[in-house]
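Asker: Next up is a structure, given as structure tokens.
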Amino acid sequence: MNPEFSNSNLRKDAMNNTPENLSPIVRLACVLVRCNPDLLALAPRQDRYAIVSEALLLSVVAGVTGLAWTAFWAQFVTLPAALAFGALACVFMFLIDQAIGAADWRLTGVLRQPGARRRWWEHGRLAMRLAMTVILSTATSTGASMAMFHDAIRTQLEQDVRGKNRQIEEQYAERLREQRTLRFGTLEAEVQRLTTSAGEMTRVLDSARQLRATASQRAEAYQIETDRELKGAPGYKAGAGSKYREALTRKVAADSDLAKADSDISVYEARLTDAQKKLDKASADVRAAEAAFAGEAAQIDEERKSHLIPDRNDALMSYLALEEVYADPRFGTAARHFSWLMMAVLMTFELSYVVVRAWFTHASVYMAILIGDTKKRADRVAADYESSRDALRPMPGAAALRGRAPLRFLPAPSPVVREAREIGARNLPLS
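Under our numbering, think of the first position of the sequence shown as 10, with each following residue one higher.
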């Protein structure tokens with residue numbers, strides 16, 4: 010016979026403070042799932058295995074939540090801060106599931122009372138946990154999706170920022186041009202006109218100077234040629250012959266070009282000088298107007314910079330980018346399907362401990378011992394209360410105490426735990 014089920018072990022005081030045969034792992038599991046190690050030491054080994062398994066499942070559920078939130082926050086804050094946020098989510102989920110699991114004292118399996126049904130508050134507790142799971146898993150799956158789609162979100166953010174900043178730049182550039190045109194647009198147009206005119210005059214002068222140089226060279230060469238023809242230089246026939254007349258004609262044409270070039274140069278040099286003076290004055294006026302406009306231009310530039318979207322990646326902009334990824338005609342359907350799949354997985358993880366604790370627990374002798382021990386202690390407290398009330402009745406003022414209600418908050422003992430309570434009744438009273 011298993012010594013754990015022997016009468017000697019069952020007769021041991023369930024309220025002793027010296028648990029036996031519990032390893033450090035089992036003690037740690039007791040802390041994680043709010044289990045009494047003193048009472049667990051009296052239960053079969055199967056109950057100890059169940060407590061360790063529940064502690065592992067509870068830790069895995071909380072760890073997955075913490076990991077998902079750490080991955081989410083790591084996109085926006087430093088790694089230590091992300092780990093802190095993830096740890097906070099992990100502890101929160103751990104404490105919620107731990108409280109729900111520790112509050113379930115139902116007997117199951119062969120220990121379940123015949124005809125016992127789940128009460129409304131049990132269904133309400135499960136419904137509240139389901140609502141919490143939907144909310145938290147939706148947020149967690151969104152964070153996990155944002156972490157999974159980090160590269161796509163970053164690309165979408167860059168495109169959005171560049172497009173919006175380009176529009177802002179164009180808007181303020183147009184506004185600046187309008188203000189400049191309003192303040193000194195006429196002066197700039199005059200400077201442009203004078204610059205164009207001066208350029209034209211410069212080109213004409215350059216052409217005239219080039220023509221004068223060429224005409225001067227030609228006139229000099231044809232003068233030498235006519236002298237040779239006329240005087241009969243070696244190799245030439247003296248006299249005003251046909252070659253002389255041809256050279257003379259060319260010299261006259263070269264002199265005419267030279268005279269025209271000199272005339273153009275004298276005219277356009279004066280015009281260019283006058284145009285340059287006007288251009289210098291207009292340029293000075295424009296510079297003065299720009300200096301006066303510099304303050305307003307700087308103000309417009311500061312306003313432009315304030316409206317530019319900075320290159321950042323916070324939670325709000327990432328969520329907006331994620332919505333744009335969902336709306337993408339090419340990748341949106343797959344991204345949304347992945348997000349729903351992630352939410353379903355996280356809901357399964359977060360509900361797994363509560364579901365296992367509510368529907369898939371074995372017939373626990375530890376739970377029967379815990380219920381019997383709790384009711385036994387409550388009976389002793391009630392008995393002590395009754396005895397103290399009876400002791401106070403003969404005293405003065407006892408009439409005021411006769412109306413005191415008895416401390417009867419315990420239901421009738423169940424057949425399942427009657428034996429445990431009878432064993433406990435033979436134990437020593439509480440110290």
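In this text, a Cβ means the ideal position worked out from N, Cα and C, and glycines have one as well.
All of these numbers come straight from a predicted model, not from anything done at the bench.
Could you tell me which uninterrupted alpha helix (DSSP H) segments, each at least 4 residues in length, are contained entirely in the region 285–336, listed from first to last along the chain?
Answerer: With a minimum length of 4 residues, the continuous alpha helix (DSSP H) runs that stay inside the region 285–336 are 324–335.
Asker: Alpha helix (DSSP H) containing P89: first to last residue?
Answerer: Residue mapping note: residue 89 aligns to position 80 of the sequence shown, counting from 1. Residues 88–111.
Asker: Among Y181, V86, S265, F85, which one has its Cα closest to the Cα of A228?
Answerer: On the sequence shown, position 219 is the one that residue 228 refers to. Cα-wise, what sits closest to A228 is S265.
Asker: What is the DSSP secondary structure of L145, counted as helix, strand or coil?
Answerer: Numbered from 1 along the sequence shown, position 136 holds the residue referred to as residue 145. Of the three classes helix, strand and coil, the one that applies to L145 here is helix, per DSSP.
Asker: Could you check whether the Cβ of S225 sits closer than 9 Å to any Cβ belonging to chain D?
Answerer: You won't find chain D in this structure, because it holds only one protein chain.
Asker: Kindly indicate which residue of E179, D382, E395, I309 has the alpha-carbon position closest to the one of L49.
Answerer: On the sequence shown, residue 49 is found 40 positions in, with the first residue counted as 1. Answer by Cα proximity: D382.
Asker: Span of the alpha helix (DSSP H) holding Q55?
Answerer: Locating residue 55 in the sequence shown gives position 46, where the first residue counts as 1. Run containing Q55: 54–82, per the alpha helix (DSSP H) assignment.
Asker: Exposed or buried, what is D289 when buried is set at 16 or more other beta-carbons lying within 10 Å of its beta-carbon?
Answerer: If you number the sequence shown from 1, residue 289 lands on position 280. With fewer than 16 Cβ atoms within 10 Å of its Cβ, D289 is classed as exposed.
Asker: Apart from the five residues just before and just after D273, which ones in its own chain have a Cβ nearer than 6 Å to its Cβ?
Answerer: Looking up residue 273 in the sequence shown gives position 264. Answer for D273: A217, listed in chain order.
Asker: Mapping the DSSP letters down to three states, classify Q180 as helix, strand or coil.
Answerer: As a working mapping, residue 180 is identified with position 171 in the sequence shown. If DSSP states are grouped into helix, strand and coil, Q180 belongs with the helices.
Asker: Using 8 Å for Cβ pairs, my map puts A306 next to L267. What's the rounded Cβ distance?
Answerer: Here residue 306 refers to the residue found at position 297 when the sequence shown is read from its first residue. Here residue 267 refers to the residue found at position 258 when the sequence shown is read from its first residue. Not confirmed; about 53 Å, so no contact.
Asker: Identify the continuous alpha helix (DSSP H) that holds L350 and give its terminal residues.
Answerer: Residue 350 sits at position 341 when you count from the first residue of the sequence shown. It spans 341–368 - the alpha helix (DSSP H) in which L350 sits, taken as one unbroken run.
Asker: Can you give me the Cβ contacts of S348 inside the same chain, cut-off strictly under 8 Å, excluding the 5 residues immediately before and after it?
Answerer: Against the sequence shown, residue 348 aligns to sequence position 339. Within the same chain, S348 has close Cβ partners S150, T151, S154, Y335.
Asker: Return helix, strand or coil for Q226, following the three-state DSSP convention.
Answerer: By one-based count along the sequence shown, residue 226 stands at place 217. Three-state DSSP puts Q226 in a helix.
Asker: Under a Cβ-count criterion, where at least 16 other Cβ atoms within 10 Å of its own Cβ denotes burial, should A407 be classed as buried or exposed?
Answerer: On the sequence shown, position 398 is the one that residue 407 refers to. In this predicted model, A407 has a pLDDT of only 48, less than 50, meaning its place in the structure is not dependable; the value taken from the coordinates is given anyway. Counting Cβ neighbours within 10 Å, A407 comes out exposed, since fewer than 16 surround it.
Asker: Give the straight-line distance between the Cα atoms of E167 and A284, rounded to the nearest whole angstrom.
Answerer: Stepping through the sequence shown from its first residue, residue 167 is reached at position 158. Stepping through the sequence shown from its first residue, residue 284 is reached at position 275. Straight-line Cα distance between these residues: approximately 51 Å.
Asker: If you draw a straight line from the alpha carbon of W82 to that of I309, how long is it in whole angstroms?
Answerer: As a first step, residue 82 is located in the sequence shown; it is residue number 73 there, counting from the start. As a first step, residue 309 is located in the sequence shown; it is residue number 300 there, counting from the start. Going from the Cα of W82 to the Cα of I309 covers about 37 Å.
Asker: Quick check on K314: buried or exposed, where buried means 16 or more other Cβ atoms within 10 Å of its Cβ?
Answerer: Counted from its first residue, the sequence shown places residue 314 at position 305. K314 is exposed by the Cβ-count criterion.
Asker: Counting C-beta neighbours from all protein chains within 10 Å, is the total for V119 16 or more, i.e. buried, or is it exposed?
Answerer: By one-based count along the sequence shown, residue 119 stands at place 110. Counting Cβ neighbours within 10 Å, V119 comes out exposed, since fewer than 16 surround it.
Asker: Can you have a look at G95 and say buried or exposed, based on whether 16 or more other CB atoms are within 10 angstroms of its CB?
Answerer: To locate residue 95, count along the sequence shown from 1; it is residue 86. Burial call: buried.
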